[in-house]
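Colleague: Below is a structure I'd like to ask you about.
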Amino acid sequence: MGPNALWLLEWLTEELCLEPGMRVLDLGCGRAMTSVWLARELGVKVWAADLWIGPDQNYRRAVEAGVGDLVCPMRVEAHALPFARGFFDAVVSVDAYTYFGTDDLYLPYLAGFVRRGGSIGVVVPGLVRPLPKAVPAHLVRPQRNGKRFWEDECACFHTPSWWRRSWAASGRVADVKADLLPDGWRYWRDFEEAVQLSGKARFPSDAEALSRDRGRYLGFVRLTARRNESEGENLYDPSIGVRVGVDG
């Protein structure tokens, strides 16, 4: 599902200091390829968390890759993380964060599960520059396979500067960095074409739309930050009404 997560993860980890034995949350891990890579290549302990992909098959993949002792697969909803505060040394999320992280309240919530000084790193599809008032025609025009690239859900695509402002305003992280993958559109298109040629594609390709765009608007955004010293309330906690005395 989506672009090549391993290519994106390698790019992301260039900006993260991950050492053997660290506890890492791989949030929105999908089929756990990224979790396996983190465990095998970097020797970290990974909690492979995903809502859509079940843990049984992800555990099987981890065992087959020889890292069953380092990867803990879980089915998790991103707003109800079942972990202790400050438990992780780092959180990574590859091609998933836009599904839950554009809410201004989300990063402060997520940061609460990272130790002070720990790292948060994300790669998402995004915009190279802001869109004009109307979405460019080449992004909404159907491809030959009938699929339009731009759908309502693409409203979660943002520029590096948008993400930088959002994270910096959260009050829970420091040293926020946001940049673009050079020629990201090309990596995206080439992988789409490779999947189609393999005969293993499960979804219609976006390669034609990416070729039309050629990086004018579409690309990949990398975000990294360090957990600061500040603390805050978990506003997603369903028991908050009881705790503050307004329920019951």
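In the working numbering, the protein residues as written are 3 to 250.
Idealized CB from N, CA, C, for every residue including glycine.
(1) On the premise that R63 lies in contact with V46, defined as a C-beta separation below 8 Å, what is that separation, rounded to the nearest angstrom?
(2) Look at the alpha carbon of A50 and the alpha carbon of L237, and state the distance between them as a whole number of angstroms.
(3) Taking all protein chains shown into account, decide if N60 is buried (16 or more other Cβ within 10 angstroms of its Cβ) or exposed.
(4) Assuming F159 and G119 are in contact, meaning their beta carbons sit under 8 Å apart, how far apart are those beta carbons, in whole angstroms?
(5) Could you tell me whether the stretch 94-114 touches the stretch 221-237, where touching means 3 or more Cβ pairs closer than 8 Å?
(6) Please identify the residue among V175, A180, G173 whose C-alpha is closest to the C-alpha of S163.
(7) From this set, D58, V126, C156, C19, which residue's C-alpha is nearest A92's C-alpha?
(8) Note down the Cα distance separating E253 from Y189, rounded to an integer number of angstroms.
(9) Assuming V175 and L83 are in contact, meaning their beta carbons sit under 8 Å apart, how far apart are those beta carbons, in whole angstroms?
(10) For M35, which residues from the same chain have a beta carbon less than 7 Å from its beta carbon, with the 5 sequence-adjacent residues on both sides left out?
(11) Using 8 Å as the threshold, is the stretch 125-142 in touch with the stretch 192-209, meaning 3 or more CB pairs across them?
(12) Sorted by chain position, which residues of the same chain lie with C-beta nearer than 6 Å to V124's C-beta, five sequence neighbours on each side aside?
(13) Taking Cβ positions, are A86 and V69 nearer each other than 8 Å?
(14) Name the DSSP beta bridge partners of W49, please?
(15) Please give the ranges of any beta strand (DSSP E) in the stretch 102-169, keeping only runs that are unbroken, at least 3 residues long and fully inside the region.
(16) Within 10 angstroms of its Cβ, does S168 collect 16 or more other Cβ (buried), or is it exposed?
(17) With distance defined between alpha-carbon atoms, name the residue in L212, G217, D58, A80 nearest to V73.
(18) Quick check: what's the CA-CA separation for W54 versus D97?
(19) Which residues bound the beta strand (DSSP E) around D181?
(20) Quick one: Cα of F139 to Cα of V48, how far?
(21) Would DSSP call V69 helix, strand or coil?
(22) Where D249 and D239 are concerned, what is the direct C-alpha to C-alpha distance, given to the nearest angstrom?
(23) State the Cα-Cα distance for the pair D106 and S172, rounded to the nearest angstrom.
(24) Under the three-state reduction of DSSP, which class applies to D91: helix, strand or coil?
Modeller: In terms of the structure at hand:
(1) Contact flag wrong, Cβ pair sits at about 17 Å.
(2) 24 Å
(3) buried
(4) With a Cβ gap of about 31 Å, F159 and G119 do not count as contacting.
(5) yes
(6) A180
(7) C19
(8) The shown model of the chain, from 3 to 250, leaves out residue 253, and the question about it has no answer.
(9) Incorrect: roughly 17 Å between the Cβ atoms, too far for contact.
(10) A7, L8
(11) no
(12) S95, Y99, L225
(13) no
(14) L27, C74
(15) 116-129
(16) buried
(17) D58
(18) 14 Å
(19) 175-182
(20) Checking the sequence shown, residue 139 turns out to be Ala, not Phe. Computed Cα separation, rounded: 42 Å.
(21) coil
(22) 13 Å
(23) 7 Å
(24) strand
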